[in-house]
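Just so you know, the sequence shown maps onto residues 1 to 70 in UniProt numbering. First comes the structure, then the notes that go with it.
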Amino acid sequence: MTRPSEERVDFKAEATDLGGGLHAFGPPPFRDSFESRLHHVRRGLVEARSHMVSLTQEEQALERILGNTQ
1 MTRPSEERVD FKAEATDLGG GLHAFGPPPF RDSFESRLHH VRRGLVEARS
51 HMVSLTQEEQ ALERILGNTQ
């Protein structure tokens, strides 16, 4: 038998479903931070891809220049 202080509370069972996965207690606390991190990662990927395109174009230009001088 567990003592009252050791009882586990099932918040899902006690929460009222408000639709869309929201409950009376609000969205899971980690959701906002995960969404923020995902947005940050995606923005970083866009920047990295853009930088990669620029570097690739520069590489190709340098190879053309070097190819013409050899």
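Note that the Cβ used here is the ideal one computed from N, Cα and C, for glycine as well. These numbers were taken from a predicted model, which means no experiment stands behind them.
* How many Å lie between residue 29 and residue 35 at the Cα? -> Counted from its first residue, the sequence shown places residue 29 at position 29. Counted from its first residue, the sequence shown places residue 35 at position 35. So the two alpha carbons sit approximately 11 Å from each other.
* Asked: residue 40 to residue 52, Cα distance in whole Å?
  -> Counting from 1 along the sequence shown, the entry for residue 40 is found at position 40. Counting from 1 along the sequence shown, the entry for residue 52 is found at position 52. For residue 40 and residue 52, the distance between alpha carbons rounds to 18 Å.
* Compute the Euclidean distance between the alpha carbons of residue 57 and residue 63, then round it to the nearest angstrom. => What you label residue 57 is simply residue 57 of the sequence shown in a count that begins at 1. What you label residue 63 is simply residue 63 of the sequence shown in a count that begins at 1. If I take the Cα positions, the gap works out to 10 Å.
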